[in-house]
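Under my numbering, the first residue of the sequence shown carries the number 743, and numbering increases by one thereafter. No residue lacks a Cβ here, since even glycine has one placed at the ideal position from N, Cα and C. Inspection log for the structure reproduced underneath, given as structure tokens.
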Amino acid sequence: PEAAAQGGPSPLRRKTRALLAYLAAAPAPVRRETLAAQLFGASDDPLGALRWQLSLIRRQLGPVLRTVDRGSLQLNREACWFDTAAFERDLAEGSTERLAAALRLYRGEYLAGLSLPDAPEFELWLLGRRAHYRKRYEQVLAELATALIAQGRLTDALSWAQLLVQSDALLEEGNLLLIRLYALTGQRDAALAHFEHYRRLLRAEL
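In structure tokens, the structure reads:
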């Protein structure tokens, strides 16, 4: 997930993507000094590097930034759409339809492929965000599959359970759920085969 300006995605530099993602995740305006330390600490002039990056964002994306006061910045949420925000809104609504919509927004690792070796504080923050969204994704997969079983929608539940096991092949909850759904849908051989596959996997890994 990452912030995207209305009008379609633009090819963005790594630091630009990182800065936008950090601001998108912030619940309140962020001081310039914090942004400079997080992303440009290795620069001879961190605040100067930040100013240059902000200028680049304004030229490339338009009015997506707001200066709250002299020292703080936030994204103009009226000019941007965030898949992360849509993900959380759908989860908060809680119906099976909205949970499914949220899961369809998940396209894999948060800011996949992005790495800033010269910004260790940002790297730590990024690891935390990646772990958060992956865990949330897996929790909701299990929640949705369980809700669909209760509604008798076993085929739909099976598809989500398969995605859960794809996300974490060692997750006990996901594997037991998948075996149960194979059995409930009359696929006894598939249930036994997956049980044996999971048993071998655990033996090899643990």
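How would you label residue i, buried or exposed, when you count the other beta carbons within 10 angstroms and need 16 or more for buried?
| i | result |
| --- | --- |
| L754 | buried |
| H874 | exposed |
| L912 | exposed |
| L943 | exposed |
| L934 | exposed |
| A892 | exposed |
Hey, would you say residue i sits closer than 8 Å to residue j, going by beta carbons?
| i | j | result |
| --- | --- | --- |
| L792 | A778 | yes |
| T758 | Q816 | no |
| D910 | E880 | yes |
| L926 | G916 | no |
| A946 | D860 | no |
| V806 | A821 | yes |
| H936 | L920 | yes |
| L853 | A763 | yes |
Below 8 Å on the Cβ atoms is my contact criterion, and I expect residue i with residue j to pass it. Report the Cβ-Cβ distance as a whole number of Å.
| i | j | result |
| --- | --- | --- |
| L900 | L923 | 4 Å |
| T775 | L841 | Note that residue 775 is Glu in the sequence shown here, rather than Thr. About 39 Å separates the two Cβ atoms, so there is no contact after all. |
To the nearest angstrom, how far is the alpha carbon of residue i from that of residue j?
| i | j | result |
| --- | --- | --- |
| P788 | E851 | 28 Å |
| F824 | R930 | 42 Å |
| L868 | T838 | 29 Å |
| W902 | E914 | 15 Å |
| E835 | F829 | 10 Å |
| R773 | P862 | 19 Å |
| I799 | R878 | 30 Å |
| R756 | L781 | 10 Å |
Continuous beta strand (DSSP E) assignments of at least 3 residues falling wholly in the segment 791-866: List check, beta strand (DSSP E) in window: 807-811, 814-817 and 822-824.
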